[in-house]
Amino acid sequence: HLANRDLARARDELERSWSTGWHTADGALTLSQVHAELFREAIERATRQRDATTREALRREAEARFREPALRYLGEARTLGAPLAPFVAGLVASLEGDHERALARAREVQGLDPAFYEAHLFEGDLHRLRAHELFWKSEYDAARELARAALASFVRATEVGRSDPRSYLGSCRAWSLIV
94 HLANRDLARA
104 RDELERSWST
114 GWHTADGALT
124 LSQVHAELFR
134 EAIERATRQR
144 DATTREALRR
154 EAEARFREPA
164 LRYLGEARTL
174 GAPLAPFVAG
184 LVASLEGDHE
194 RALARAREVQ
204 GLDPAFYEAH
214 LFEGDLHRLR
224 AHELFWKSEY
234 DAARELARAA
244 LASFVRATEV
254 GRSDPRSYLG
264 SCRAWSLIV
């Protein structure tokens, strides 16, 4: 389900496994990433809302439904000894809204393990999400610049993780903000 981007179903299956005792660092990290992606998608939908009250209500709902569980599972991943601690720290920073700290952690991981293409995906997502926010604020030039940076990150991810569709999807989403 995760590879097919059926995030809600992936979350349900992973939660079911977790509830039956599958408590591993990888399990916690995967659960946190699914919740974080659902959070990002919900925030993107909220950002498109013109009405400030609706936008804020959707943001609060996304935080409760997806952000808080993502942070909880990241804490579990740390406790269970997840590898690449800077990656986990970057995910936490991203969920806390600290874009610069999240970018710094993504780049740190890229230096520690060049084969860990997820760090490039993460960097691309960070740039793309910020570009999306700027686009909806009518800051088109700045949005395009960040979308180009996102595209470059997704291309680097593709160089190592050729079979992972997330890099191609990320590239398409970045392109949609450039054109």
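Start counting at 1 in the sequence shown, then tack on 93, and there's your number in the numbering used here. Just so you know, even glycine gets a beta-carbon here, dropped at the ideal spot from N, CA and C. Computed from a predicted structure; not experimentally measured.
Beta-carbon separation (whole angstroms), residue i vs residue j, contact threshold 8 Å
i: residue 224; j: residue 199; result: That pair is no contact at about 16 Å.
i: residue 226; j: residue 140; result: 6 Å
i: residue 220; j: residue 242; result: 4 Å
i: residue 264; j: residue 248; result: 7 Å
i: residue 270; j: residue 228; result: 6 Å
i: residue 155; j: residue 135; result: 4 Å
i: residue 218; j: residue 133; result: 7 Å
i: residue 246; j: residue 216; result: 4 Å
Residue i - containing alpha helix (DSSP H), residue span
i: residue 202; result: 192 to 205
i: residue 219; result: 211 to 229
i: residue 234; result: 233 to 253
i: residue 179; result: 178 to 188
i: residue 105; result: 100 to 112
i: residue 268; result: 258 to 271
Contact test: residue i Cβ vs the ligand ADP heavy atom, cutoff 8 Å
i: residue 121; result: As far as ligands go, the structure on display features none, and thus does not contain the ligand ADP.
Inset, instruction - Flag this pair as touching only if the stretch 115 to 124 and the stretch 188 to 207 have three or more C-beta atom pairs under 8 Å; answer yes or no. - result: Fewer than three Cβ pairs drawn from the stretch 115 to 124 and the stretch 188 to 207 lie within less than 8 Å of each other, which leaves the two stretches out of contact.
Legend entry - Validate contact between the stretch 229 to 240 and the stretch 181 to 192 using beta carbons, cut 8 Å, 3 pairs: Judged by Cβ distances under 8 Å, the stretch 229 to 240 makes no contact with the stretch 181 to 192, as fewer than three pairs qualify.
Legend entry - Cβ contact check for the stretch 145 to 162 and the stretch 173 to 184: 3 or more pairs under 8 Å: No, the stretch 145 to 162 does not touch the stretch 173 to 184.
Inset, instruction - Could I get the ranges of all uninterrupted alpha helix (DSSP H) runs contained in the stretch 133 to 165, with 4 residues as the minimum, in chain order? - result: Complete alpha helix (DSSP H) runs here, min 4: 145 to 155.
Legend entry - Segment contact flag, the stretch 99 to 107 with the stretch 126 to 137, C-beta cutoff 8 Å, min 3 pairs: The stretch 99 to 107, when compared against the stretch 126 to 137, does touch it at the 8 Å Cβ threshold.
Legend entry - At least three beta-carbon pairs within less than 8 Å, the stretch 139 to 159 to the stretch 169 to 177: Fewer than three beta-carbon pairs drawn from the stretch 139 to 159 and the stretch 169 to 177 are found closer than 8 Å, and the two stretches are therefore not classed as touching.
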